[in-house]
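Protein chains in written order, with numbering that gives the first Met the number 0: chain A, 0 to 334; chain B, 0 to 334. Where is the CB? At the ideal position from N, CA and C, for every residue including glycine. Quick caveat, the model's predicted, so the values are computed rather than measured.
2 protein chains.
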Amino acid sequence: MPKEYIDLDAAILAAASAVGKKETEGPLGDLFDLCDDTDRFGAKTWEEAESEMQRMAFNTVLAKAELRDTDIGALFAGDLLNQCVGSAYGLLAFDIPYFGLYGACSTCAESLMLASTFVSNGIFDRCAAVTSSHYCSAERQYRTPIEYGGQRPPTAQWTVTGSGAFLVRKAQKGEKHAVVRRAMPGIVRERGVNDANNMGAAMAPAAEDTLVRFFRATDTRPCDYDLIVTGDLGYEGGTILCELMRADGFPLGDIYTDCGQLIYRRKEQDVHGGGSGCGCSAVVLASYLLPKLLRGDLSRILFLSTGAMMSPDSIKQGQNIPAVAHLLEITGGIS
Amino acid sequence: MPKEYIDLDAAILAAASAVGKKETEGPLGDLFDLCDDTDRFGAKTWEEAESEMQRMAFNTVLAKAELRDTDIGALFAGDLLNQCVGSAYGLLAFDIPYFGLYGACSTCAESLMLASTFVSNGIFDRCAAVTSSHYCSAERQYRTPIEYGGQRPPTAQWTVTGSGAFLVRKAQKGEKHAVVRRAMPGIVRERGVNDANNMGAAMAPAAEDTLVRFFRATDTRPCDYDLIVTGDLGYEGGTILCELMRADGFPLGDIYTDCGQLIYRRKEQDVHGGGSGCGCSAVVLASYLLPKLLRGDLSRILFLSTGAMMSPDSIKQGQNIPAVAHLLEITGGIS
Numbered sequence: 000m001p002k003e004y005i006d007l008d009a010a011i012l013a014a015a016s017a018v019g020k021k022e023t024e025g026p027l028g029d030l031f032d033l034c035d036d037t038d039r040f041g042a043k044t045w046e047e048a049e050s051e052m053q054r055m056a057f058n059t060v061l062a063k064a065e066l067r068d069t070d071i072g073a074l075f076a077g078d079l080l081n082q083c084v085g086s087a088y089g090l091l092a093f094d095i096p097y098f099g100l101y102g103a104c105s106t107c108a109e110s111l112m113l114a115s116t117f118v119s120n121g122i123f124d125r126c127a128a129v130t131s132s133h134y135c136s137a138e139r140q141y142r143t144p145i146e147y148g149g150q151r152p153p154t155a156q157w158t159v160t161g162s163g164a165f166l167v168r169k170a171q172k173g174e175k176h177a178v179v180r181r182a183m184p185g186i187v188r189e190r191g192v193n194d195a196n197n198m199g200a201a202m203a204p205a206a207e208d209t210l211v212r213f214f215r216a217t218d219t220r221p222c223d224y225d226l227i228v229t230g231d232l233g234y235e236g237g238t239i240l241c242e243l244m245r246a247d248g249f250p251l252g253d254i255y256t257d258c259g260q261l262i263y264r265r266k267e268q269d270v271h272g273g274g275s276g277c278g279c280s281a282v283v284l285a286s287y288l289l290p291k292l293l294r295g296d297l298s299r300i301l302f303l304s305t306g307a308m309m310s311p312d313s314i315k316q317g318q319n320i321p322a323v324a325h326l327l328e329i330t331g332g333i334s
Numbered sequence: 000m001p002k003e004y005i006d007l008d009a010a011i012l013a014a015a016s017a018v019g020k021k022e023t024e025g026p027l028g029d030l031f032d033l034c035d036d037t038d039r040f041g042a043k044t045w046e047e048a049e050s051e052m053q054r055m056a057f058n059t060v061l062a063k064a065e066l067r068d069t070d071i072g073a074l075f076a077g078d079l080l081n082q083c084v085g086s087a088y089g090l091l092a093f094d095i096p097y098f099g100l101y102g103a104c105s106t107c108a109e110s111l112m113l114a115s116t117f118v119s120n121g122i123f124d125r126c127a128a129v130t131s132s133h134y135c136s137a138e139r140q141y142r143t144p145i146e147y148g149g150q151r152p153p154t155a156q157w158t159v160t161g162s163g164a165f166l167v168r169k170a171q172k173g174e175k176h177a178v179v180r181r182a183m184p185g186i187v188r189e190r191g192v193n194d195a196n197n198m199g200a201a202m203a204p205a206a207e208d209t210l211v212r213f214f215r216a217t218d219t220r221p222c223d224y225d226l227i228v229t230g231d232l233g234y235e236g237g238t239i240l241c242e243l244m245r246a247d248g249f250p251l252g253d254i255y256t257d258c259g260q261l262i263y264r265r266k267e268q269d270v271h272g273g274g275s276g277c278g279c280s281a282v283v284l285a286s287y288l289l290p291k292l293l294r295g296d297l298s299r300i301l302f303l304s305t306g307a308m309m310s311p312d313s314i315k316q317g318q319n320i321p322a323v324a325h326l327l328e329i330t331g332g333i334s
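Listed below in structure tokens is the structure:
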């Protein structure tokens, strides 16, 4: 068996988030860097709005780190739109070598894992990771345009309008940064779920698989971490994951939460199954989890982004939903 | 300025290709490993056919290298389908950590670059890169279902039905393998082309950008290589690239060719602008270029996959076509 996890040493130099209206009305609303109450970001179409949101998030993270695009060796980016046009158009303005990714909602951890791998191994000095999702562009593409007013079942999740951007560099002694220490890429799993309105159930087995493999490979247990946070299993998927992990002998207990549960007020905001989308785990990590790590409120967390890898066509063709979960171990405090 | 290229030392252990009928009727027809004359690969839908073609190509490369899926540390894969379902479903059967990529037709070089980076830096012992495209699934998604019999303009390219799979490991002294020596990830470029039936013209400036940056960064010139081969600029884009490179002071001359020009007989096969698709550069590299490197017919080549990063929606919304070109320097002979 090959070694399953990746040792890393990547300091997160800066992070930035841009979100829409509903996200600022949620419990983390005050923490995000940028918000557009119209969700349009000055663009004529929802797709262009998503691109513009990415551009603004990435510009903000560059400004925070006092860097220019030419200081960045490579950009790892992706989104949910067909052909990942959110990223291709959104980051076109920057003169940075570009690796396009598609991991559905797992793309945040996937992009940060690759960026961290590149800087930890000295391939480039600094790399960036950017991801996004937009409620209106995602609804139109995956389900129906929002103007149709389609009824949502209780397990349906609400796609977050948001973009998160991160800059990483090899960690240096004495600096105060959150640091990506280990990573485990996910294996695609499919356990018979074919309901596109219950993606949490489809993704929970992928998260279980990555977590169990990680605990076994590193000889650690859930209690060795301050927090285990999945990307966007939401309420349904989060509950399933906790049950699966208990059966596997790794009960997660109180230290488990999910970005899709954190970002909205469940009842007041009528979000049914919780938040989802590439932007969900990205903006929660950028604006809620990383500051907690920097302040010392958390010292070691496991962060998993989970992705449901179906397409509207594959669902119509009667296929089940494959899913993947990428894991990062991130520490806070002084290197 | 950060360093622009990546030093690598990744031996291509094995490569495999699976193609459809039209590809076997082309000049390289006898070289491919697997072919299905129905283009269906036993599947009910074109999308499932593409997945099955990937699965077969990857199974073949594992068999050639006498390895099992559990011997592979990570898989880098992508295709042209919405949400990259060709890869997500096609590679589901294998228990290998999965990095999903989207770089349009540049995904072959992108996936090989990332796989080579991982093994060259000792992150995993062996990694795999798999890409595919399918004429019927691509036509339906990007243009119109083939049953409509839409008229094709002369610059339109023909999407290759094919999948290429590669296994890489850190090069070891005395072994005879093609070796990925250097790589340069592409920067996304957009030069005002918005005709989705002329992707060669949209992609040529991206290939020019990567080539010129590479020649400058490595202090080399076209004559330092036996062959410079682009992924799928086809006839139109290839001609444009040659003109651009001449103006830049790096005339490519006779050593330039393009996978989209190599794979079909231009007139007899009625392919207009030449071949294209993620599978085009992948199967030409796997079954034509790598054997030439192993035999010593070629000793040092530059291989660029080029990708047009638009979506059907972005074209309808009046946007131009962004493009990217990823470059690999590959050598033959004994390490």
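If the cut is a Cβ gap below 9 Å, which residues of chain B does residue i touch?
i, result
"residue 2 (chain A)", "72, 122, 123 and 124"
"residue 316 (chain A)", "43, 44, 46 and 47"
"residue 66 (chain A)", "Under the 9 Å cutoff, chain B gives no residues; its nearest Cβ is about 11 Å from residue 66 (chain A)."
"residue 162 (chain A)", "The contacting residues do not exist; residue 162 (chain A) stays about 17 Å from chain B at best."
"residue 8 (chain A)", "Correct list: empty, because the minimum Cβ distance to chain B is about 13 Å."
"residue 225 (chain A)", "In chain order: nothing, as chain B lies at least about 25 Å away."
"residue 231 (chain A)", "By Cβ distance, chain B contributes nothing, its closest Cβ being about 16 Å from residue 231 (chain A), past 9 Å."
By Cβ distance, which residues of its chain are closer than 6 Å to residue i, with the 5 residues on each side in sequence left out?
i, result
"residue 36 (chain A)", "20"
"residue 287 (chain B)", "27 and 30"
"residue 118 (chain A)", "9, 126, 167, 168 and 169"
"residue 307 (chain B)", "103, 198, 201, 202, 320 and 322"
"residue 93 (chain B)", "68"
"residue 40 (chain B)", "48, 51 and 52"
"residue 89 (chain B)", "50, 53 and 54"
"residue 211 (chain B)", "247"
Tell me where the alpha helix (DSSP H) around residue i begins and ends.
i, result
"residue 258 (chain A)", "258-261"
"residue 56 (chain B)", "45-63"
"residue 207 (chain B)", "198-217"
"residue 134 (chain A)", "134-141"
"residue 117 (chain A)", "106-119"
"residue 289 (chain A)", "289-294"
Looking at the secondary structure, which residues open and close the beta strand (DSSP E) in which residue i lies?
i, result
"residue 306 (chain B)", "299-307"
"residue 227 (chain B)", "226-229"
"residue 329 (chain B)", "322-330"
"residue 97 (chain A)", "97-99"
"residue 17 (chain B)", "5-18"
"residue 40 (chain A)", "Segment: none, residue 40 (chain A) is in no beta strand (DSSP E) and carries neither H nor E."
In chain B, which residues lie with their C-beta within 7 Å of the C-beta of residue i?
i, result
"residue 87 (chain A)", "187, 308 and 321"
"residue 366 (chain A)", "There is simply no residue 366 (chain A) to check, as chain A begins at 0 and stops at 334 in what is shown."
"residue 5 (chain A)", "122"
Closer than 7 Å by C-beta to residue i: which residues in its own chain qualify, once you throw out the five before and the five after it? Chain order, please.
i, result
"residue 331 (chain B)", "177, 292, 293, 295, 297 and 298"
"residue 4 (chain A)", "181, 182, 183, 213, 216 and 217"
"residue 23 (chain B)", "31 and 34"
Mind pulling the chain B residues with CB within less than 8 Å of residue i?
i, result
"residue 166 (chain A)", "Simply none; closest approach about 13 Å."
"residue 303 (chain A)", "Within 8 Å Cβ-Cβ: nothing; residue 303 (chain A) doesn't reach chain B, min ~13 Å."
"residue 90 (chain A)", "187"
"residue 109 (chain A)", "98 and 99"
Residue i touches chain A at which residues, Cβ-Cβ below 7 Å?
i, result
"residue 116 (chain B)", "122"
"residue 83 (chain B)", "101"
"residue 77 (chain B)", "101"
Counting only the same chain and skipping the five closest in sequence on each side, list residues whose C-beta sits under 8 Å from that of residue i.
i, result
"residue 318 (chain B)", "193 and 309"
At a CB-CB cut-off below 8 Å, which residues of chain A make contact with residue i?
i, result
"residue 267 (chain B)", "Here the premise fails: no neighbours, minimum Cβ distance about 32 Å."
"residue 132 (chain B)", "The contacting residues do not exist; residue 132 (chain B) stays about 13 Å from chain A at best."
"residue 61 (chain B)", "Under the 8 Å cutoff, chain A gives no residues; its nearest Cβ is about 14 Å from residue 61 (chain B)."
Original post:
Are three or more beta carbon pairs between the region 229-237 of chain A and the region 31-50 of chain A nearer than 8 Å?
Top reply: No: fewer than three Cβ pairs fall under 8 Å.
Original post:
Does the count of Cβ pairs from the region 142-149 of chain B and the region 259-273 of chain B closer than 8 Å reach three?
Top reply: With fewer than three CB-CB distances shorter than 8 Å, the region 142-149 of chain B does not count as touching the region 259-273 of chain B.
Original post:
Does the region 241-260 of chain B come close enough to the region 314-331 of chain B to have 3 or more Cβ pairs within less than 8 Å?
Top reply: By the Cβ criterion, the region 241-260 of chain B is not in contact with the region 314-331 of chain B, since fewer than three pairs of Cβ atoms, one from each stretch, lie closer than 8 Å.
Original post:
Does the region 118-134 of chain B come close enough to the region 60-78 of chain B to have 3 or more Cβ pairs within less than 8 Å?
Top reply: Touching, yes.
**OP:** Check whether the region 102-120 of chain A touches the region 54-67 of chain A, taking contact to mean three or more Cβ pairs, one atom from each stretch, closer than 8 Å.
**Re:** No: fewer than three Cβ pairs fall under 8 Å.
**OP:** Would you check if the region 74-88 of chain B and the region 131-144 of chain B touch, i.e. whether three or more CB-CB distances between them fall below 8 Å?
**Re:** Because the criterion of three Cβ pairs below 8 Å is met, the region 131-144 of chain B and the region 74-88 of chain B touch.
Original post:
Would you call the region 133-143 of chain B and the region 89-99 of chain B touching, i.e. three or more CB-CB distances under 8 Å?
Top reply: In short, these stretches do not touch, since the Cβ pair count stays below three.
**OP:** Would you mind listing the beta strand (DSSP E) stretches within the region 149-198 of chain B that are 3+ residues and don't spill past its ends, in chain order?
**Re:** The region 149-198 of chain B contains these whole beta strand (DSSP E) runs: 161-169 and 177-183.
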